[in-house]
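Working notes for the structure below.
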Amino acid sequence: MSTSLSARRRLAPHDLVYTVAPDEWIVGAPLGNGHLGAMLWGNGHPLCLTLDRDDLWDLRRYPVHDPNYSWETVREAVKRRDAERVNEVIERTLNPTERATTPTKLPLGRIELAFDGDNELTGRLSLGDATFRGSIGTTQVDAYVAAESPFIVLRVRGATKAPSIRFRGLTDLNPDEAAKLDLPPVTLASEGAEGWAVQDFPDGGRAVVAWRTLRRGQNITIVVTVTTHDDFADPLSLARQRTDEAIGHVGRIAQTHTDWWSNFWDRSQVSIPDGELETLWHYGLYKLASSSRPGHLPANLQGLWVTDGVLPPWRGDYHANMNVQETYWPIYGANHLELGLPLYDWLDRIAPRAAERTRAFFGFDGLRIETALATDGTNVPGWGTVQYWPGAAAWLAHHLWLHWRYTQDAEFLRNRAYPFLTQCSTFWEHYLEPDESGVLHVPLSHNPEWEGSAPAAWGRDTTVDLALVRALFGWCIEASEILDVDTQARERWRGMRERLAPYHRDDDGGLRLMESISTGEPVSYRASHRHPSHLMPIFPMSDITVEGDDDDRRTIAASLHRIEHNGPGEWTGWSFPYVSLIASRARRSEMAAYMLHLYADSFVMPNGMHVNGDWRGRGICFFHYRPYTMEAECAASAAVTEMLLQSWGGRIRLFPAVPASWRDCSFTHLLAEGAVTVSAERRAGCTLRAEFTARRDASVVIDGLAESASWANAKSATYRDGLWHVSLGGGKTATASVDVPPSKARRAERTPIENMFGFHGWDA
Numbered sequence: 000m001s002t003s004l005s006a007r008r009r010l011a012p013h014d015l016v017y018t019v020a021p022d023e024w025i026v027g028a029p030l031g032n033g034h035l036g037a038m039l040w041g042n043g044h045p046l047c048l049t050l051d052r053d054d055l056w057d058l059r060r061y062p063v064h065d066p067n068y069s070w071e072t073v074r075e076a077v078k079r080r081d082a083e084r085v086n087e088v089i090e091r092t093l094n095p096t097e098r099a100t101t102p103t104k105l106p107l108g109r110i111e112l113a114f115d116g117d118n119e120l121t122g123r124l125s126l127g128d129a130t131f132r133g134s135i136g137t138t139q140v141d142a143y144v145a146a147e148s149p150f151i152v153l154r155v156r157g158a159t160k161a162p163s164i165r166f167r168g169l170t171d172l173n174p175d176e177a178a179k180l181d182l183p184p185v186t187l188a189s190e191g192a193e194g195w196a197v198q199d200f201p202d203g204g205r206a207v208v209a210w211r212t213l214r215r216g217q218n219i220t221i222v223v224t225v226t227t228h229d230d231f232a233d234p235l236s237l238a239r240q241r242t243d244e245a246i247g248h249v250g251r252i253a254q255t256h257t258d259w260w261s262n263f264w265d266r267s268q269v270s271i272p273d274g275e276l277e278t279l280w281h282y283g284l285y286k287l288a289s290s291s292r293p294g295h296l297p298a299n300l301q302g303l304w305v306t307d308g309v310l311p312p313w314r315g316d317y318h319a320n321m322n323v324q325e326t327y328w329p330i331y332g333a334n335h336l337e338l339g340l341p342l343y344d345w346l347d348r349i350a351p352r353a354a355e356r357t358r359a360f361f362g363f364d365g366l367r368i369e370t371a372l373a374t375d376g377t378n379v380p381g382w383g384t385v386q387y388w389p390g391a392a393a394w395l396a397h398h399l400w401l402h403w404r405y406t407q408d409a410e411f412l413r414n415r416a417y418p419f420l421t422q423c424s425t426f427w428e429h430y431l432e433p434d435e436s437g438v439l440h441v442p443l444s445h446n447p448e449w450e451g452s453a454p455a456a457w458g459r460d461t462t463v464d465l466a467l468v469r470a471l472f473g474w475c476i477e478a479s480e481i482l483d484v485d486t487q488a489r490e491r492w493r494g495m496r497e498r499l500a501p502y503h504r505d506d507d508g509g510l511r512l513m514e515s516i517s518t519g520e521p522v523s524y525r526a527s528h529r530h531p532s533h534l535m536p537i538f539p540m541s542d543i544t545v546e547g548d549d550d551d552r553r554t555i556a557a558s559l560h561r562i563e564h565n566g567p568g569e570w571t572g573w574s575f576p577y578v579s580l581i582a583s584r585a586r587r588s589e590m591a592a593y594m595l596h597l598y599a600d601s602f603v604m605p606n607g608m609h610v611n612g613d614w615r616g617r618g619i620c621f622f623h624y625r626p627y628t629m630e631a632e633c634a635a636s637a638a639v640t641e642m643l644l645q646s647w648g649g650r651i652r653l654f655p656a657v658p659a660s661w662r663d664c665s666f667t668h669l670l671a672e673g674a675v676t677v678s679a680e681r682r683a684g685c686t687l688r689a690e691f692t693a694r695r696d697a698s699v700v701i702d703g704l705a706e707s708a709s710w711a712n713a714k715s716a717t718y719r720d721g722l723w724h725v726s727l728g729g730g731k732t733a734t735a736s737v738d739v740p741p742s743k744a745r746r747a748e749r750t751p752i753e754n755m756f757g758f759h760g761w762d763a
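For the sequence shown, position 579 matches number 578 in numbering that gives the first Met the number 0, and the numbering has no gaps at all.
Following this line, the structure appears as structure tokens:
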């Protein structure tokens, strides 16, 4: 059996199954390779492929020139507790009332293939090889976006007549939306077996969609590509050349594609007795691997599936007050660090201009990045509070730090992570303000999205920022020690970290959001709110943990009690995986699983795509709309991993937050901090076996293994205080085994997983 077939079979229970045709874009089958994306949908009359490309943006902007837009002006208003004035100055520039449509991610349009007959499309999207296989009557249709080539490939078998092909651009699909962009109509042409569409843009750019058909009897191959002026001065000639060369090598393209996905899925695996959550784990990774690949842009709000015929929600931007972070959370534990490289490359590119804007507004050096960003790193109009928020760069820096922690790549730390971290810390060194006692305070911020853009949203000493800055200084201290640089700066960071203001707490000890700049009073989590970032000290910063002291545990318990008390009425879909992760850190395993089930049952479309609202109207929250964003799908993958393996704080925890019903579960080749690959198996509630492979010599502390475990191939292993302290040899696999009675050693009968996702007609 080939490796590719094994991956296909193994993941078959998680495939997207269509027993009826996906009659809307939003329930289609998503395909992508990090550069080109296609959403396959329709009934075959026509069959639609809505196209996308990662770098297709309209970056025209219309800046507002306001002489009062400066930190000096804003700070004076803050000192007067004049939140109205703060809001006025910032909103006028970052959220102008008469704002233009651009910058925005651009819808490209769609290819439509019309098949003969009255039969409708049915089929399935195989996650194992990222290929849609369907039928329209006796005609078989396969489609995939080639993993390592700029092509969309369709194979049609058993067709008595080739499907007609046409392209429809935005001006055809939605003239009103196109008019907002001053977008001209598409130019269409064909010649023999090929056709093409040329879309010119008002900023002088051009995109070309080209396709070529090859027929052999009743078998038809169609190759599609998308080129732009960024590829070549003449994108039309390039597109035609590419399709001409590819049409004769589809077999090789297909094999490379299948091998890529097989290798991807072989990197790590999970097996849990909860089919719904196991599917979530696979699907989030599939979506991220389809929309984030080295050499291309990172995934934006919609990944590579821009909305069909309309401008995307929130302009398809990069939202750095949660969305970007959630999107990339799963790559570490799931052992897919390569998917994060586009994010790090992008941060490298946007940092210099962000530093210039920081200097222009604040009058000092450092790095502050606005929250809603276009592909060039400049801001997209949005709430002033969102755009001003000073914590975005530090939270993005956490991903660079995590990459170092999981790889132990000293060159990455020296050349990429550390420079970005120190730029962020330079900003905060200037921005923090001491009081008469020398305590350092955050002078102005807000808890993301709390109170929207109202003056009441502004505050001091926001818990989210204090947690980020405390962590940031800690990363800089640790990195400077590892790299043996910046001794004086290290002591300065250490001193500032010790002088940071404490977190605001309620009377019961739970974490508050901030202090209001209008009244000077602390602001509590007094009502349901979608953004739990005031719990940043618990997750993801691990500053307050259940493994800490009694005060830490009281704080966590009180904070979660307040979340429970206020309920999810104003949450959106992505809130649930986020809270699941917080619950896992708090060892609330049943809560962690339940949050994911609520998410899957109420905020996921039949094809697995996340929409922000409770679109079925089940009463989980009062948002019933369905704008698509992909971060929650990825966060759900991270949340499942977090239940199985955690490695923060220098300790590897096996099955730390699995529900009681997960008596039998296992994982293979998940990744722990310290560049340690971990596999483990649990039966009848006991961890029977675990394997640890370090890339280089390492000492690890392991929680979740019985004292009776016997070790093989470890340099040393000592059990004390409920933990194993093990020395691993680089490149070698150490194995721990636990002898249990035969009754417990037997694996329970596994209930077959039924396909969670699939379009079987609307059930809204």
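The C-beta atom is built at its ideal place from N, Cα and C for all residues, glycine as well. Computed from a predicted structure; not experimentally measured.
For residue i, does the count of other Cβ atoms within 10 angstroms reach 16, so buried, or fall short, so exposed?
i, result
"residue 730", "exposed"
"residue 254", "exposed"
"residue 248", "exposed"
"residue 673", "buried"
"residue 632", "buried"
"residue 3", "Summary for residue 3: the model assigns pLDDT 45, below 50, so the residue's position carries little reliability; its value from the coordinates is reported in the next sentence. By the 10 Å Cβ count, residue 3 comes out buried."
"residue 763", "Bear in mind that a pLDDT of 42 at residue 763, under 50, signals an unreliable position, so the number given afterwards is only what the model happens to contain. Exposed."
"residue 159", "exposed"
"residue 480", "exposed"
"residue 79", "exposed"
"residue 645", "buried"
"residue 198", "buried"
"residue 486", "exposed"
"residue 849", "The structure shown does not extend to residue 849, since the chain is modelled only from 0 to 763, so the question has no answer here."
"residue 518", "exposed"
"residue 262", "exposed"
"residue 497", "exposed"
Are residue i and residue j close, meaning C-beta to C-beta below 9 Å?
i, j, result
"residue 386", "residue 628", "no"
"residue 531", "residue 603", "no"
"residue 461", "residue 513", "yes"
"residue 417", "residue 484", "yes"
"residue 689", "residue 653", "yes"
Can you list, in chain order, the residues of its chain whose CB lies under 6 Å from that of residue i, leaving out five sequence neighbours each side?
i, result
"residue 698", "726"
"residue 148", "252"
Might you give, ordered along the chain, the residues of its own chain that have their beta carbon closer than 7 Å to the beta carbon of residue i, omitting 5 neighbours on each side?
i, result
"residue 44", "113 and 114"
"residue 718", "706"
"residue 1", "Because the pLDDT of residue 1 is 38, which lies under 50, any placement of that residue in the model is unreliable, and the question is left without a value."
"residue 774", "A query on residue 774 cannot be resolved here, the shown segment of the chain reaching from 0 to 763 and no further."
"residue 238", "195, 207, 209, 224 and 226"
"residue 275", "596, 599 and 755"
Assuming residue i contacts residue j under a Cβ cut-off of 8 Å, what Cβ separation, rounded to an integer in Å, is found between them?
i, j, result
"residue 634", "residue 328", "6 Å"
"residue 283", "residue 636", "3 Å"
"residue 218", "residue 156", "5 Å"
"residue 737", "residue 722", "So it is not a contact: roughly 15 Å between Cβ atoms."
"residue 16", "residue 123", "5 Å"
"residue 581", "residue 516", "No, residue 581 and residue 516 are not in contact; Cβ-Cβ is about 27 Å, not under 8 Å."
Nearest by alpha-carbon distance to residue i: which of the options is it?
i, options, result
"residue 623", "630, 609 and 317", "609"
"residue 529", "241, 320 and 139", "320"
"residue 40", "140, 337 and 601", "140"
"residue 185", "192, 177 and 191", "177"
"residue 770", "52, 77, 46 and 89", "Coverage of the chain is limited to positions 0 through 763, which leaves residue 770 absent and any answer about it impossible."
"residue 533", "574, 516 and 373", "574"
"residue 181", "84, 682, 549 and 105", "105"
"residue 452", "126, 207, 388 and 409", "388"
"residue 702", "683, 735 and 712", "735"
"residue 669", "188, 438 and 330", "330"
"residue 133", "227, 27 and 397", "27"
"residue 108", "188, 431 and 51", "51"
"residue 49", "362, 151, 333 and 293", "151"
Going along the chain, which residues of its own chain have a beta-carbon closer than 8 Å to the beta-carbon of residue i, five neighbours each way excluded?
i, result
"residue 366", "350, 353, 354, 357, 392, 419, 422, 423, 425 and 426"
"residue 173", "308 and 309"
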